[in-house]
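Data block below; observations after.
Residue numbers (UniProt numbering): 1 to 81.
The following block contains the structure:
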């Protein structure tokens with residue numbers, strides 16, 4: 001995401017939530033808020049491809065990028081301490 005006030009960020013966010021709303025929320029009813037939260041979480045985890053490489057992430061998969069990020073963050077914290 002970009003800087004504050006960039007209209008392109010809003011469009012991406014709106015599309016993301018509109019997709020969840022039309023494909024999941026509008027089609028189901030849940031007895032509790034917790035059940036709805038769980039269903040939304042499972043849907044996002046199943047839908048999002050964590051293995052596909054992204055140019056924005058230096059051609060790493062989101063899983064690999066997150067692993068590298070946490071490894072770098074841990075190293076940086078140790079160096080500061």
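Note that the Cβ used here is the ideal one computed from N, Cα and C, for glycine as well. Predicted, not measured: the structure shown is a model, and the values here were computed from it.
{"Query": "Alpha-carbon to alpha-carbon, residue 16 and residue 73", "Result": "28 Å"}
{"Query": "Check whether residue 62 and residue 48 have beta carbons under 9 Å apart", "Result": "yes"}
{"Query": "Bridge partner(s) assigned by DSSP for residue 37", "Result": "According to DSSP, which records beta bridges pairwise, residue 37 is partnered with nothing at all."}
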